[in-house]
Amino acid sequence: MAHKLEVKDFKSSVETKEGPKEILKGVNLEASSDEIHVLMGPNGSGKSTLAYSLMAHPDYATSGSVRLDGTELELLTPDERAKEGLFLGMQYPVEVPGVPLANFLRTSLKALKGEAPSIRNWPGILKGYMERLKMDPQFAFRNVNEGFSGGEKKRAEILQLEVLKPKFAILDEIDSGLDVDALRIVSEGICRSHEEGCGIILITHYARILKYVPPDFVHLFYKGKIALSGGKDLADRIEEEGYDKLIGSLA
Amino acid sequence: MRADDGLFEPEGRASFNPADFGGLEKKEEWKYAHLEEVCGFAEAFEPSNSSRVLLNGSDAPEGEAEKLLTPRDRVEAAGFSSVGRAFPIRMPEGKSEIKVVNEGPRDAVFLSLDFGEGGKSDALLSFEGAGEGVYFLDVKAGEGSEASLTVLCRGGGKKFVYDSTRIARDAKAKRNLVCLGGEFVRYSSGAYFAGPGGEAEMNGVYFSSGKNYIECRVRVAHAVPGCKSRVSYRGALLGAEARSAWVGESIIGKGGQGSDSYELNKNFVLTPGAKSFSEPQLEIKNGDILSAGHSSSVGYFDPDQLFYLRSRGIGEEEAKKMIISGFFDELLLQMGSEEAEREFKDFCRKAGVRDGAQA
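In order, the protein sequence lines correspond to chains Z and D. Numbered by numbering that gives the first Met the number 0, the letters in the first sequence go through residues 0 to 250 in order. Numbered by numbering that gives the first Met the number 0, the letters in the second sequence go through residues 0 to 358 in order.
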C-alpha cells in the first residue's frame with residue numbers, strides 16, 4: 000500500500016540577530032509514495048529550509064502539521080522522524096571523523112529496524128549496494144563523508160537511501176555538483192528506491208535530472224510557499240521562461 | 000649540568016637546585032594548574048620508597064643511573080633531589096612490561112630505560128596505585144633502534160611525571176601516553192634528537208572527569224639535522240569541574256636544517272563548564288627546514304554532526320557516543336598498542352560515553 004505524506008500550513012523560522020525570521024510561510028503539500036514530486040524555485044525561496052525543517056533540524060522553529068501515514072511528526076525529534084520512515088538526502092552531507100561508513104550504516108539500520116545485519120554478512124550486503132552505485136568498496140571503511148568529493152558524497156547519500164529504505168525521501172539538491180555519469184547513476188538509485196515503494200520529493204534547480212527521474216508533479220516554490228503546481232510541463236516552462244518571468248506572470 | 004642539555008634546551012633555565020627557580024608563580028610552567036595543587040611539591044621531601052617497580056612481573060633491581068637532562072622547573076628539581084631509588088633497566092628486544100605501583104605515601108622514583116642500539120622493542124609502562132609521587136623516566140633509543148614505549152597513567156593520587164626521550168642517529172622512537180587521571184596529573188614529555196635521521200612519534204590521549212586535572216606538556220627539540228617529529232594528542236573532559244591543559248613546544252634549533260615537525264592537539268568538552276587549555280608553540284631558528292606546523296582546538300559537539308546521525312535514526316545519546324568514539328579511535332589505532340586501546344576504551348565505557356557493543 001502506498002504511503003502518504005501530508006504537509007499542512009507548515010511554517011518555519013530561524014533565529015537571527017533581529018529576532019526570529021519566518022522563512023516558510025505556510026506550505027501545503029500532499030504526496031503519495033507512488034508519486035515523484037519535484038520542488039523548483041529560485042535561490043533563497045526556502046526549499047532547503049523546507050527540507051531541513053521537515054527533518055527537525057535544531058536551527059528551525061516550526062509550526063503546522065506534517066503527517067506520515069497519519070502519524071503526526073511535528074513534535075518528533077530527527078531520529079524519531081527517521082524511525083517513522085522519513086529520510087533527508089542532504090545538499091551538503093556532514094563529515095563524521097573517525098566513524099567508518101559501514102559502521103555508521105549498520106548502527107543506523109539497527110536503530111531503525113531494531114536489528115542489525117550480522118557482522119559477518121554485512122560487508123557483503125553493503126558491497127552489493129555500493130556496486131550498483133559504482134562506488135569503490137573501500138569507501139565502506141572510510142569515515143563518513145570525510146575527504147569524499149562532492150559526487151562521492153551524493154552517491155553515499157543515495158547509498159544510505161537504498162540501504163535504509165525509508166517510506167519517504169526528501170532529496171535536497173542531490174543533483175548539484177554531479178557530472179553527467181554521476182547524475183545518471185544517482186538518478187538510477189533514486190528510481191530503484193521509488194520502484195521499491197519510497198515516495199520521492201526532489202528539490203532541484205535544474206530540469207536536467209528530470210530526464211532520468213520523471214516527475215508526476217512539479218511545484219514552483221517562491222517566498223516560502225508553493226506558488227504553482229503542475230506536471231512535467233511546469234518544469235519545461237521554468238526552464239524556458241526562467242523564474243522571474245514565470246513568477247511575474249503569476250502576479 | 001648535563002651534556003645533553005644543549006640538545007634539548009640551550010637557553011632555558013635549568014638546575015638541580017630547587018632554590019634556583021625561585022618560588023612558584025602562576026605563570027609559564029604553572030599558569031594552568033592551581034598553585035595550591037602544586038605548592039606542596041616545591042620542596043625536597045623524604046621519599047616513602049613504597050613504590051614497587053616490576054619488570055615483566057618481577058621486582059626490578061635498583062642501581063645507579065645518571066639523569067639525561069638537568070631539571071627545568073622547581074618541582075622537577077625538588078622531586079629529583081628527593082629520589083630514593085633509581086632503576087636502570089636494559090630493555091629486552093620484543094615485548095616487555097613495567098609497572099610502577101605506589102600504594103603508600105609520597106615517593107620519588109627514577110627509571111632509566113635503555114632500549115639499546117639497532118634492536119626493536121615494544122614496551123608498556125604503567126603508573127598505578129593510590130599513592131602520590133614524582134616520577135622520572137629517561138628513555139634512550141640508541142642508534143638505529145626502533146623503540147616503542149606506551150605509558151598508562153592511572154590510579155589515584157597526585158602524580159608528576161618527568162619523561163625524557165633521547166633519540167640517537169637514525170633511531171625511531173614511538174611514545175604513547177594514555178592519561179586517565181587521578182585527581183591531579185602533570186605529565187611532561189620531552190623528546191630530543193642526538194643524531195641526524197631520527198624520528199619521534201608522540202601520541203597521547205587523556206580523559207579528565209569529575210574534579211580531575213590533567214596537564215600534558217610535550218616538547219620536541221630538533222637541534223640536529225634531518226629529523227622528523229609528529230606530536231598528536233587528544234583529550235576529553237566530562238563533568239563541569241573537569242580541567243585539562245596541554246602545552247606543546249616544537250623547537251627547531253640553529254642546527255636543525257631539514258627538520259620536519261608537526262604538532263596537533265584537539266580537546267572535546269563534553270560538559271559545559273569544563274575547562275580545557277591548549278597552547279601550541281613553535282620556535283624556529285633555522286630557515287632551511289622541510290616543514291613545521293601545528294594545530295590546536297577546544298570544541299563541543301558539532302550540532303550538524305549530531306543532526307546528521309540523528310536524521311538516520313540514531314538517538315541523541317548514541318550519536319554522541321559515536322562522535323566521541325570517532326574522535327579518539329583513529330589516534331588509538333595509530334598508537335598500535337592493544338593495551339592502550341583497551342584501557343582507554345574501557346575507561347570511556349565506564350564513564351558512559353562509549354557503547355559496550357562497539358569494541
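Ideal placement from N, C-alpha and C gives every residue a C-beta, glycine not left out.
Member of the options whose CA lies at the smallest distance from the CA of residue i
i, options, result
"Z/LEU181", "Z/ALA206, Z/LEU201, Z/SER107 and Z/ARG154", "In the sequence under discussion, the amino acid at residue 181 of chain Z is Ala, which differs from the Leu named in the question. The option with the nearest alpha carbon to Z/ALA181 is Z/ARG154."
"D/THR69", "D/PHE267, D/PHE159, D/LEU332 and D/ASP137", "D/ASP137"
"Z/VAL143", "Z/TYR59, Z/ALA101, Z/LYS164 and Z/ARG191", "Z/ALA101"
"Z/ASP215", "Z/GLY25, Z/THR48, Z/ASP232 and Z/LEU163", "Z/ASP232"
"D/TRP29", "D/GLU214, D/PRO302 and D/SER310", "D/GLU214"
"D/GLU45", "D/ARG12, D/ASP3 and D/VAL108", "D/VAL108"
"Z/GLU151", "Z/ILE169, Z/SER175 and Z/LYS16", "Z/SER175"
"D/LYS98", "D/ALA64, D/PHE126 and D/ARG89", "D/PHE126"
"D/GLY203", "D/LYS139, D/PHE20, D/ALA59 and D/SER187", "D/SER187"
"D/ARG165", "D/SER144, D/ASP113 and D/LYS139", "D/LYS139"
"Z/GLY289", "Z/HIS193, Z/ILE202 and Z/LYS3", "Coverage of chain Z is limited to positions 0 through 250, which leaves residue 289 of chain Z absent and any answer about it impossible."
"Z/LYS164", "Z/LEU85, Z/LYS46, Z/SER31 and Z/ARG80", "Z/LEU85"
"Z/LEU67", "Z/GLN137, Z/GLY45 and Z/ALA168", "Z/ALA168"
"D/SER296", "D/ASN264, D/GLY255, D/GLU248 and D/GLY154", "D/ASN264"
"Z/VAL6", "Z/LEU28, Z/SER12, Z/LYS20 and Z/GLY18", "Z/LEU28"
"D/GLY238", "D/SER324, D/GLY209 and D/SER290", "D/GLY209"
"D/VAL352", "D/LYS320, D/GLY143, D/PHE159 and D/ASN16", "D/LYS320"
"Z/GLY18", "Z/VAL185, Z/THR48, Z/TYR59 and Z/LEU132", "Z/TYR59"
"D/ARG89", "D/PRO17, D/LEU112, D/ASN101 and D/GLU75", "D/LEU112"
"D/GLY272", "D/ILE283, D/GLY254, D/TYR299 and D/GLY355", "D/TYR299"
According to DSSP, residues forming a beta bridge with residue i
i, result
"D/MET201", "D/ARG174 and D/VAL230"
"D/TRP245", "D/CYS215 and D/SER277"
"Z/PHE216", "Z/HIS36"
"D/ALA167", "Partner(s): none; D/ALA167 has no beta bridge."
"Z/ILE208", "DSSP, once it has assigned bridges, lists no residue as partnering Z/ILE208."
"Z/ASN142", "Z/PRO99"
"Z/THR70", "Z/LEU67"
"Z/CYS254", "Look at the range of chain Z in this structure, 0 to 250, and you will see that residue 254 of chain Z is not part of it."
"D/ASP113", "D/ARG89 and D/LYS139"
"D/ARG84", "D/VAL108"
"D/GLU337", "None, per the DSSP bridge assignment."
"Z/GLU29", "Z/GLU5"
"Z/GLY229", "Z/VAL217"
As assigned by DSSP and simplified to three states, the class of residue i
i, result
"Z/LYS152", "helix"
"Z/SER175", "coil"
"D/LEU23", "coil"
"D/ARG51", "strand"
"D/VAL352", "coil"
"Z/PRO136", "helix"
"Z/VAL162", "helix"
"Z/LYS112", "helix"
"D/ASN16", "coil"
"D/LYS265", "strand"
"Z/THR76", "coil"
"D/LEU67", "coil"
"D/THR270", "coil"
"D/LEU123", "strand"
"D/GLU145", "strand"
"D/LEU305", "helix"
"D/PHE326", "helix"
"D/GLN357", "Low confidence applies to D/GLN357: its pLDDT is 45, below 50, so where it sits in the model is not reliable, and the reading given next is rough at best. It is helical."
"Z/ILE118", "coil"
"Z/VAL93", "coil"
"D/SER310", "coil"
"Z/VAL261", "Because residue 261 of chain Z is not part of the residues shown, which for chain Z are 0 to 250, the question remains open."
"D/GLU8", "coil"
Selection of the region 104-121 of chain Z by Cβ proximity to chain D, strictly under 7 Å: THR106, SER107, ALA110 and LEU111
The region 189-198 of chain D contacting the region 221-241 of chain D, beta-carbon criterion three pairs below 8 Å: yes
Positions along the region 320-347 of chain D whose CB lies within less than 8 Å of some CB in chain Z: MET321, ILE322, SER324, GLY325, PHE326, PHE327, ASP328 and GLU329
Members of the region 58-81 of chain Z that neighbour chain D once the beta carbon cut-off is set at 7 Å: THR76, PRO77, ASP78 and ALA81
Under 9 Å (Cβ pairs) to chain D, residues found in the region 196-218 of chain Z: none
Given 8 Å, three or more beta-carbon pairs between the region 215-224 of chain Z and the region 24-40 of chain Z: yes
Selection of the region 158-170 of chain Z by Cβ proximity to chain D, strictly under 8 Å: GLN159 and LEU163
Residues of the region 289-321 of chain D whose Cβ lies closer than 9 Å to any Cβ of chain Z, in chain order: ASP301, PRO302, ASP303, GLN304, LEU305, PHE306, TYR307, LEU308, ARG309, SER310, ARG311, GLY312, ILE313, GLY314, GLU315, GLU317, ALA318 and MET321
Members of the region 226-242 of chain Z near chain D, C-beta cut-off 7 Å: none
contact_flag[the region 90-106 of chain D, the region 115-125 of chain D] where n(CB pairs < 8 Å) is 3 or more: yes
Meets three-Cβ-pair contact criterion under 8 Å: the region 304-317 of chain D and the region 168-177 of chain D: no
The region 111-130 of chain Z in contact with the region 328-342 of chain D per 3-pair CB rule at 8 Å: no
Three CB pairs or more closer than 8 Å across the region 5-19 of chain Z and the region 187-196 of chain Z: no
The region 136-148 of chain Z: positions lying closer than 9 Å to chain D by Cβ: ASN142, VAL143 and ASN144
The region 331-338 of chain D contacting the region 145-160 of chain D, beta-carbon criterion three pairs below 8 Å: yes
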